[in-house]
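Undergrad: Sharing a structure, written as structure tokens. Questions coming.
2 protein chains.
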Amino acid sequence: MIQLDDLDRAILKLLKQDARLTISELAERLNRPESTIHFRIKKLIEKGVIDRYTIILGEPLKPKSVVAVYIETEIPVIEDFLEKYINHITKTLSMLPNVLAVAKSGRNGIMALIGGETEEQIEKFVDDTIRTLPSLRRVEVFPFTSIVKGKDVIGFLVDV
Amino acid sequence: MIQLDDLDRAILKLLKQDARLTISELAERLNRPESTIHFRIKKLIEKGVIDRYTIILGEPLKPKSVVAVYIETEIPVIEDFLEKYINHITKTLSMLPNVLAVAKSGRNGIMALIGGETEEQIEKFVDDTIRTLPSLRRVEVFPFTSIVKGKDVIGFLVDV
DNA sequence: TATGAAAGACATCATGT
DNA sequence: ACATGATGTCTTTCATA
Chain A
1 MIQLDDLDRA ILKLLKQDAR LTISELAERL NRPESTIHFR IKKLIEKGVI
51 DRYTIILGEP LKPKSVVAVY IETEIPVIED FLEKYINHIT KTLSMLPNVL
101 AVAKSGRNGI MALIGGETEE QIEKFVDDTI RTLPSLRRVE VFPFTSIVKG
151 KDVIGFLVDV
Chain B
1 MIQLDDLDRA ILKLLKQDAR LTISELAERL NRPESTIHFR IKKLIEKGVI
51 DRYTIILGEP LKPKSVVAVY IETEIPVIED FLEKYINHIT KTLSMLPNVL
101 AVAKSGRNGI MALIGGETEE QIEKFVDDTI RTLPSLRRVE VFPFTSIVKG
151 KDVIGFLVDV
């Protein structure tokens, strides 16, 4: 395991909120010398605790409407088909810009996060692109009314 | 709407990959003067296209196992109860550190993303914390076998 | 809006406590 | 873990086109 002390955690928390905080600003807020902050961040990156820095995109680029879709295929007699078919679907979905995220679920399930201008537009996309796939035994749409925790995950995921 | 040209898009794409790229590095890669890049980024922030800068946490802090859970409540006779109850559940879940994200779905549904060390541990958490809630008519767990698109959403969501 | 040049701020590193 | 100082790099600003 990895062990982080309070200072590490405080640095991570501040950088999560605003990764452009300078070392001097961090040093001031946390009442530590700049050299210490610099050293800690260097270590956090080396240890892989900080994976990378990124930007979150804002309202202008975010889809107004988001749904989760669960897809489940039939289980074929030839098991080998299953994995190949699941791979095919996930890869196809992954290439589409309005598909924000895709995960395999179990052996024959897929969960996808899909964004669009309206819920109706997304429904149409699901009808045209997903429900037309062969050998599905279930397609269920979970429309997101509001995001309570992890709100800006959409701005994180959206393609530019 | 907002309109972005190729340069804007190129800047956003690079910053999404690595928000620590300096203006000079961006300028070099995109064959533009530093002042231009500086100006564009300033505008992108002003327009809200760039919402904020953040860090993605790495393996040491990421849960090894992740599931999505869909929760659906009964629809009570008194409609007002419904919203209050859904709010109560979402807020309770949001406070827990292993609950990575929570969204309301429709009027009586909740979708939550939950992380843990093993799938069994998460199952136990679902049994103890969610299935014990009153007036639920459905609790379904979708274990994530692998994430195909949006892989580092977990490192983005995880609490420090 | 784009650019070039200059000024100031910052990260980084070495050294020592 | 912290302090200090030296160095080079980067950001930021401003005047100009």
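Chains A and B supply the protein sequences, listed in that same order.
Going by UniProt numbering, the first residue of the first sequence is number 1, and it counts up by one from there.
Going by UniProt numbering, the first residue of the second sequence is number 1, and it counts up by one from there.
Each residue gets a CB set at the ideal place from its N, CA and C atoms; glycine is no exception.
Report the start-end ranges of each alpha helix (DSSP H) in the UniProt domain "HTH asnC-type" (4-65) of chain A that is 4 residues or longer and not cut off at the edges.
TA: Those alpha helix (DSSP H) runs which fall completely within the UniProt domain "HTH asnC-type" (4-65) of chain A and span 4+ residues are 6-17, 23-30 and 34-46.
Undergrad: Which residues, in order along the UniProt domain "HTH asnC-type" (4-65) of chain A, keep a beta-carbon less than 7 Å from a beta-carbon of chain B?
TA: Residues passing the 7 Å Cβ filter: Arg9, Leu12, Lys13, Leu15, Lys16, Asp18, Ala19, Arg20, Lys47, Gly48, Val49, Ile50, Asp51, Arg52, Tyr53, Thr54, Ile55, Ile56, Leu57, Gly58, Glu59, Pro60 and Leu61.
Undergrad: Using a Cβ-Cβ cut-off of less than 8 Å, list which residues of the segment 68-95 of chain A approach chain B; keep chain order.
TA: Taking 8 Å as the Cβ-Cβ cut-off against chain B, the residues of the segment 68-95 of chain A that qualify are Ala68, Tyr70, Thr90, Lys91, Leu93 and Ser94.
Undergrad: Taking the alpha-carbon positions, what's the A:Lys62 to A:Thr118 distance?
TA: Taking the straight line from one Cα to the other gives about 12 Å.
Undergrad: Taking the alpha carbon of B:Ile45 as the reference point, which residue from B:Leu15, B:His88 and B:Glu83 has its own alpha carbon closest?
TA: Selected option, being the one with the closest Cα: B:Leu15.
Undergrad: What residues of chain A sit near B:Leu157, judged by a beta carbon separation below 8 Å?
TA: Neighbours of B:Leu157 on chain A, chain order: Gly150 and Val153.
Undergrad: Locate the alpha helix (DSSP H) running through A:Ser94, then write down its first and last residues.
TA: Its alpha helix (DSSP H) spans residues Glu79 to Met95.
Undergrad: DSSP beta-bridge partners for A:Ser146?
TA: A:Ser146 pairs with B:Lys104.
Undergrad: Which two residues bound the contiguous beta strand (DSSP E) that contains B:Leu113?
TA: B:Leu113 -> beta strand (DSSP E) spans Gly109 to Gly116.
Undergrad: Can you grab the Cα-Cα spacing for the pair B:Asn31 / B:Leu12, in whole Å?
TA: Computed Cα separation, rounded: 15 Å.
Undergrad: Taking 8 Å as the threshold, find out whether the segment 35-44 of chain B comes into contact with the segment 124-140 of chain A through three or more Cβ pairs.
TA: No, because fewer than three Cβ pairs between the segment 35-44 of chain B and the segment 124-140 of chain A fall closer than 8 Å, the two stretches do not touch.
Undergrad: Pick helix, strand or coil for A:Ile71, following the three-state DSSP scheme.
TA: The answer is strand: DSSP assigns A:Ile71 an E or B state.
Undergrad: Distance, Cα to Cα, A:Thr132 vs B:Val148?
TA: When rounded, the distance between both Cα atoms is 21 Å.
Undergrad: Would A:Lys104 be called buried (16 or more neighbouring beta carbons within 10 Å of its own) or exposed?
TA: So A:Lys104 counts as buried.
Undergrad: Starting from A:Ile114, find everything on chain B with Cβ-Cβ shorter than 8 Å and list it in chain order.
TA: Within chain B, no residue comes near A:Ile114; the closest Cβ sits about 11 Å away, beyond 8 Å.
Undergrad: Answer with yes or no whether the minimum CB distance from B:Ile147 to chain A is below 7 Å.
TA: Yes, contact with chain A.
Undergrad: Tell me whether A:Leu133 sits in a helix, a strand or coil according to DSSP, three-state version.
TA: Three-state DSSP puts A:Leu133 in coil, outside helix and strand.
Undergrad: Between the segment 110-128 of chain B and the segment 141-155 of chain B, do three or more beta carbon pairs fall short of 8 Å?
TA: Yes, the segment 110-128 of chain B touches the segment 141-155 of chain B.
Undergrad: So with CB distances below 8 Å, who are the chain B contacts of A:Phe144?
TA: Near A:Phe144 (Cβ distances below 8 Å), the residues of chain B are Ala103, Lys104, Ser105 and Met111.
Undergrad: If we cut at 7 Å on Cβ distances, does B:Ile2 have a partner in chain A?
TA: Yes, B:Ile2 lies at the interface with chain A (some Cβ there is under 7 Å from its Cβ).
Undergrad: Taking B:Ile122 as part of the alpha helix (DSSP H), name the residues at either end of that continuous run.
TA: Run containing B:Ile122: Glu119 to Phe125, per the alpha helix (DSSP H) assignment.
Undergrad: In whole angstroms, what separates the C-alpha of B:Asn98 from that of B:Leu57?
TA: If you take the alpha carbons of B:Asn98 and B:Leu57, they lie about 15 Å apart.
Undergrad: Is A:Thr54 near B:Ala27, with beta carbons less than 7 Å apart?
TA: No, these two residues do not count as a Cβ contact at 7 Å.
Undergrad: Does B:Val141 have its Cβ less than 7 Å from a Cβ in chain A?
TA: Chain A contact via Cβ: absent.
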